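This note's numbering puts the sequence shown at residues 89 to 208.
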Amino acid sequence: MIRNDRDTIVEGIKHLCDGIGPFPKMDSYEDFLKMQTDIYDTFGDDSFDILIDILLHPSELGRIDSNDFDYELQEALIAIGLRNPRYTLDTVENLLSIKSIRLVLINIIGGLENEDGLFY
């Protein structure tokens with residue numbers, strides 16, 4: 089199932105942050121990485137813009153720690169961004185002037201490990 093709506097994507101990211109949920113069932117860090125990849129694989133290729141919108145306009149998190157959510161959101165942006173690095177870099181470049189999200193954007197740029205960086 090491809091998740092391309094904001095609420096479903098937020099729930100997927102929250103699931104990764106939920107200490108009561110999957111973590112007790114994990115035997116190793118590799119199990120967590122597999123779960124993370126499995127969830128990101130359900131996000132459609134065009135979900136990058138939704139993830140950016142979530143970054144710009146954070147969701148209500150309830151009992152989920154905002155730092156955990158921000159980390160998972162950043163990881164999701166990198167994972168989805170790797171599907172189309174040029175679009176990702178162009179989008180990120182246009183948002184770098186927003187100080188509140190600049191650190192996340194810089195981490196996304198680094199996470200892409202794209203030697204072209206922001207400029208052609």
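Here a beta-carbon is modelled for each residue, glycine too, at the ideal position from N, C-alpha and C. Since this is a predicted model, take the numbers as computed values, not measurements.
Contact between I142 and I97 holds, since their C-beta atoms are separated by about 7 Å, short of 8 Å. Using a C-beta cut-off of 8 Å, the region 187-206 makes contact with the region 167-174, since at least three inter-stretch Cβ pairs fall below that distance. Straight through space, the alpha carbons of E160 and I152 are spaced by roughly 11 Å.
Going by C-alpha positions, L121 is about 28 Å away from S188.
Between G100 and F131, the CB-CB gap stays under 8 Å. Membership of N155 in the alpha helix (DSSP H) is indicated by the continuous run S154 to G169.
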